[in-house]
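One gets the numbering used here by counting positions in the sequence shown from 1 and adding 553 to each. Note that beta-carbon positions come from the ideal geometry of N, C-alpha and C, so glycine has one too. All values reported here derive from a predicted model rather than from experimental measurement.
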Amino acid sequence: MNSNSAHILVADDSALVRDILRQALQKYGYKVTLAKNGQQAIDYFIAHNPDLILMDADMPILDGISACTQIKKLSAAKHTPIIMITAFVESKKIDSAFVAGVTDYITKPVNLGVLRNRIHYILQAKRAEGALFAEKEKALITLASIGDGVITTDADGLVEFLNPVATKLTGWTNLQAQGLPLNQVLQLEDEKTNKPIEFPLHRCVKEGKTIVKLKNYCTILVNKETDEKFAVNDSAAPIKDRNGNIIGVVLVFSDMTKSREMTNTLAYKASHDSLTGLYNRNEFKVNLENLIQNTALRDKEHALLFMDLDNFKIVNDSCGHEAGDQLLKEVALLLQNQVDEKKVLFSNSVLARLGGDEFGLLLECCSTESALDIANNLCKSIKNIKFCWGDNTNKKNIFTIGVSIGLLPINNQIINHKNALAMADSACYTAKNTGRNNVYIYKNNKKKPADKNIQWVSLINKNLEMYDGFSLFYQPIVSLQGQYNLTNCYEVLLRMNDVEGNNLILPGAFLSAAVRYNLMPSLDKWVIQTLFKWLNNNPNHLKQLDFCTINISGYSLNKEFLNTLLENISISEIPPQKLCFEFSETTSMSNFSEVFNFMTHLKKLGCRLALDNFGAGMASFNYLKRLPLDILKIDGVWIKNLVNGKVDYAIIKSINEIAHLMQLQTIAEYVENQEILNKLYEIEVDYAQGYWVKVPQSLKTIITK
């Protein structure tokens, strides 16, 4: 609406006045409709819905004030301004006109110039009011539609408005909350201490500036009936009038509950063993290192128990990995219960599964005598375990096991966690060699107990010199989105022959010794040279091969090994794109510059590159973007719980989608059943690898398939 298009209804019983007003108003650019009395004005208003009414107060049939009263009862006239034309100036008459809904009045005889200005400003005010109403409606709809909670207060902190999200989170309706103090409606508490947090509204008002993220991941306590809690990020900003005076505060808070739960889940899985729920080796080493450094400063004594189960291999080999896993869970539960019962003896403890059938227990502020007592009790408790396994009661096998424990007093002579674990491991080995199911306290004397790793080192060196000391195995990697083939893609695996040459030894048994005594580069070199020779000798297989993946150890990331690797690739007849080199996530994050250097050289030759165990250490996607990768292998810790774990499903789906956005192919490891395979197909992961697809087999057998 503007002055040229505004429609004005003129109601006056005088034909002369009507004509004068019509001519003047049309001259000013207004459209004019004329009425002779109040009743006609009502009828014309209903018919034409004018923008403004000029109403004579004294008319026959129906006077102007009565007509005004009836018009204002119409919903369409709610915001229509009415100017009363009157010869009366008594206050009662004027008051009754305003009560009837008149906007303003002008006296007779009418001054046309004054009338013109008055109409102009009233219509201008009407336009401003309409625009303001529209903006308010937009604001209210916006506040009702956004996903964040919004609360506004006056300058004294009394609630004026809650949007629907704020209502849902706080449990207060907009009507219930209005006029209440903010801290009564918005009940915040600290996530760790559960103590109430008072929102610093007065600080926001006093400082006159926005306060962002008052408390990361504090919780908002919903109404008294549900006590449901939401993790939130909140911010507040002052509301100012046109003169800069603060008239209130707007608080915006985001529901971070799902994000917080996922963060907690990721942090938990990065620090805990997925099978037993205990801390994992990495977290144990962090706690051990902190304790050692604390000991050096405060000169306090602590204890480390290194535990290795006796006869576990018998259960695992005779009943399978499922039985072995169940036994490890039962032992972990027993250890946890025993530790919880003994906590009165020491201030803190850390229990972890270090890998395989090895466990570690860190006892803070615990004397050697107390630690020995605890260790002996653990030996007795584990010895009393009767582990049953079988399909039914008649065919159940019953096993007894034991535990050998190395006890290391931690004092200011211990250098670091590596030194401590080596000593405790050595003491555990002595305990196992002196009868098993007992405790040996580490003694730093010249006659050190034999290190079991030395035996492995001897065997590794011996087998490296033999033609058939090691064997290459393969595990198929099958496409979930294309042709299902067990020989086109696979991961190359290493196995070692025992002394007699009759049995194969899995890497888990000897790799720790190879790492400790710097033999990993020699093993990696043997794998590369043997695999390349085998592929060159089998051209038909090489022709149909899509790619094979080869693991590169973090301990081989040196210039000498890189030169050897590049030379072997250059002189071979293997197309580089058929070779995919895997680097673990942990290795890549810990040795980023070295891994980046290796990848850059291999990429130039045309080789494929994969990041293995992605998700195990919560790697930064920023690092992921910087590596010239082709393939992302999703860690099995997420895959195992894919079927029943909603968080695991969401994480795998997110990783897969991000990988595809980065033009990377994805491989899911540890696929152990058809249900997992179906879920991976649903998520659109590219490849699958695991025992359900195929168990590892000798590389030599692939030619016959």
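- Task: Using beta-carbon positions only, say whether residue 669 and residue 581 come within less than 7 Å of one another.
- Result: Taking 7 Å as the Cβ cut-off, residue 669 and residue 581 qualify as a contacting pair.
- Excluding the 5 residues preceding and the 5 following residue 1118 in the sequence, name in chain order all residues of the same chain whose CB lies nearer than 7 Å to its CB. In chain order, 1081 place their CB closer than 7 Å to the CB of residue 1118, counting only its own chain and leaving out the 5 sequence neighbours on each side.
- State the DSSP-derived secondary structure class of residue 768, mapped to helix, strand or coil. Note on residue 768: pLDDT 49, under 50, position unreliable in the model; the coordinate value appears next. Judged by DSSP in its simplified three-state form, residue 768 adopts coil rather than helix or strand.
- Message: Within 8 Å, do at least three Cβ pairs link the region 961-972 to the region 872-884?
- Response: The region 872-884 and the region 961-972 do not touch, with fewer than 3 CB-CB distances between them shorter than 8 Å.
- Query: Are the beta-carbon atoms belonging to residue 1057 and residue 1069 less than 7 Å from one another?
  - Reply: Contact: no.
- Secondary structure of residue 762, DSSP reduced to three states: Of the three classes helix, strand and coil, the one that applies to residue 762 here is coil, per DSSP.
- Exposure of residue 1186, with buried meaning 16 or more beta-carbon neighbours within 10 Å: Around the beta carbon of residue 1186, 16 or more other beta carbons lie within 10 angstroms, which makes this residue buried.
- Task: To the nearest angstrom, report how far apart residue 1076 and residue 1158 are at their CA atoms.
- Result: Answer to the nearest angstrom: the Cα atoms are 23 Å apart.
- Message: Measuring straight from C-alpha to C-alpha, what distance separates residue 932 and residue 904?
- Response: Residue 932 and residue 904: Cα-Cα distance of roughly 15 Å.
- Query: Can you tell me the Cα-Cα spacing of residue 779 and residue 801, whole angstroms?
  - Reply: Their Cα atoms are separated by approximately 30 Å.
- Item | For residue 759, the nearest candidate out of 708, 729, 721, 751 (CA to CA) | Of 708, 729, 721, 751, the residue nearest in Cα terms is 708.
- Query: Is residue 955 closer than 7 Å to residue 863 when the C-beta atoms are compared?
  - Reply: For residue 863 and residue 955, yes; Cβs fall inside 7 Å.
- Item | Identity of the residue in 661, 713, 1168 nearest residue 1206 by Cα | Nearest neighbour of residue 1206 by Cα position, chosen from 661, 713, 1168, turns out to be 1168.
- For residue 1130: DSSP bridge partner residues: Partner(s): none; residue 1130 has no beta bridge.
- Consult DSSP for residue 1042 and reduce its assignment to one of helix, strand or coil. DSSP places residue 1042 in strand when its eight states are reduced to three.
- Cβ-Cβ distance between residue 1242 and residue 1030 below 7 Å: For residue 1242 and residue 1030, yes; Cβs fall inside 7 Å.
- Query: To the nearest angstrom, how far is it from the Cα of residue 1073 to the Cα of residue 913?
  - Reply: One C-alpha to the other measures close to 25 Å.
- 6 Å CB neighbourhood of residue 1135 in its chain, flanking five on each side removed: Cβ-Cβ distances below 6 Å link residue 1135 to 1102, 1104, 1163, 1165 in the same chain, with the five nearest sequence neighbours on each side left out; the list follows chain order.
- Item | Per DSSP, cross-strand counterpart(s) of residue 1221 | The bridge partners DSSP lists for residue 1221 are 1187, 1241.
- Item | Beta-carbon separation (whole angstroms), residue 615 vs residue 561, contact threshold 8 Å | The C-beta separation of residue 615 from residue 561 comes to about 20 Å, leaving the pair out of contact by the 8 Å criterion.
- Item | DSSP-derived helix/strand/coil call for residue 1139 | Helix at residue 1139.
- Extent of the continuous alpha helix (DSSP H) to which residue 784 belongs: Segment 782-793 is the beta strand (DSSP E) holding residue 784; no alpha helix (DSSP H) there.
- Query: Between the Cα of residue 1123 and the Cα atoms of 572, 1146, 604, 1086, which residue gives the shortest distance?
  - Reply: The candidate whose alpha carbon is nearest that of residue 1123 is 1086.
- Spatial neighbours of residue 826 within its chain, please: CB distance less than 6 Å, with the 5 preceding and 5 following residues excluded, ordered by chain position. Around residue 826: 833, 906.
- Backbone CA spacing between residue 989 and residue 982 [nearest angstrom]: Roughly 9 Å between the two C-alpha positions.
- Message: In the DSSP output, what is residue 979 paired with across the bridge?
- Response: Paired residue(s): none; residue 979 is not in a bridge.
- Query: Which stretch, first to last residue, makes up the alpha helix (DSSP H) that contains residue 877?
  - Reply: Segment 874-894, the alpha helix (DSSP H) holding residue 877.
- Would you tell me roughly how many angstroms separate the C-alpha atoms of residue 1255 and residue 1025, rounded to the nearest one? Near 11 Å, if we compare the C-alpha coordinates of residue 1025 and residue 1255.
- Message: Quick check on DSSP: helix, strand or coil for residue 825?
- Response: Three-state DSSP puts residue 825 in a strand.
- Query: When we look at the beta-carbon of residue 1066 and count the other beta-carbons within 10 Å, is it buried (16 or more) or exposed?
  - Reply: It is buried - the Cβ of residue 1066 has at least 16 other Cβ atoms within 10 Å.
- Extent of the continuous alpha helix (DSSP H) to which residue 645 belongs: Taken as a continuous stretch (DSSP letters only), the alpha helix (DSSP H) holding residue 645 covers 644-653.
- If you follow the beta strand (DSSP E) that residue 1023 is part of, which residue opens it and which one closes it? Start and end: 1023-1029.
- Query: From which residue to which residue does the beta strand (DSSP E) around residue 1234 run?
  - Reply: No beta strand (DSSP E) holds residue 1234; the alpha helix (DSSP H) holding it covers 1227-1236.
- Message: My output table needs one value for residue 1049: the three-state DSSP class, helix, strand or coil.
- Response: If DSSP states are grouped into helix, strand and coil, residue 1049 belongs with the strands.
- Assign residue 1016 to buried or exposed, taking buried as 16 or more other Cβ atoms, counted over all protein chains shown, within 10 Å of its Cβ. By the 16-neighbour rule on beta-carbons within 10 angstroms, residue 1016 is buried.
- Does the Cβ-Cβ distance between residue 591 and residue 620 come in under 7 Å? In this structure, residue 620 lies closer than 7 Å to residue 591 by Cβ.
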